[in-house]
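Counting from 1, position 56 in the sequence shown corresponds to residue 183 in my numbering; the numbering is continuous, with no gaps.
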Amino acid sequence: MKAPPVVLDTNVVLSALLFRGGPPAQVRAAWLAGRFVPLASAATAQELVRVLAYPKFKLAAAEQEDLLADYLPWVRVVRIPHPPPLAPPCRDPFDLPFLHLAITGKAHALVSGDKDLLTLAGVRGLCPVLSAEAFCRQLSGADA
128 MKAPPVVLDT
138 NVVLSALLFR
148 GGPPAQVRAA
158 WLAGRFVPLA
168 SAATAQELVR
178 VLAYPKFKLA
188 AAEQEDLLAD
198 YLPWVRVVRI
208 PHPPPLAPPC
218 RDPFDLPFLH
228 LAITGKAHAL
238 VSGDKDLLTL
248 AGVRGLCPVL
258 SAEAFCRQLS
268 GADA
């Protein structure tokens, strides 16, 4: 069976790259094992690069590059059309690139820790929006 495409919000990718325990580590292990294919667009990749450079993470440029090298080779890049597809209304306009990516990439899930995105769980016409914990349960078959 082909690995399903999944959108990981920046906060999930960041946690998976920086922390070695809990659901983020399980998400990382699953993408490394090919259990799903993370999707990225130009906008979502740019956001990840921008966030890795935040001073609060205290990551040198070489460390940022190493983290990106642990993620980007596993990603399938999706080109978002112009104009982008219609997406459900979202309180935070910065979340729209993830919705556009999920719709255009025909994602099986959008995994996020963002409350604004999680409130869209169950919206008709959108893939499931799951927390990292719920996604890990789904991967393990506990929700099957």
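Backbone N, C-alpha and C define an ideal beta-carbon position, used for all residues, glycine too. Quick caveat, the model's predicted, so the values are computed rather than measured.
Determine, using beta carbons only, whether residue i and residue j come nearer to each other than 8 Å.
i	j	result
residue 224	residue 168	yes
residue 234	residue 134	yes
residue 170	residue 155	no
residue 268	residue 138	no
residue 250	residue 208	no
residue 200	residue 164	no
residue 247	residue 217	yes
residue 162	residue 237	no
Taking the alpha helix (DSSP H) that residue i belongs to, which residues open and close that run?
i	result
residue 176	169-179
residue 144	137-145
residue 264	259-267
Check for me: the beta strand (DSSP E) holding residue i runs from which residue to which?
i	result
residue 156	It is not in any beta strand (DSSP E) - residue 156 instead sits in the alpha helix (DSSP H) that spans 149-159.
By the 10 Å Cβ neighbour count, where 16 or more other Cβ atoms means buried, how is residue i classified, buried or exposed?
i	result
residue 136	buried
residue 181	exposed
residue 256	buried
residue 189	exposed
residue 166	buried
So residue i packs on residue j, CB below 8 Å; how close in whole Å?
i	j	result
residue 244	residue 222	5 Å
Which residue spans inside the stretch 181-248 form an unbroken beta strand (DSSP E) run of at least 3? List check, beta strand (DSSP E) in window: 236-238.
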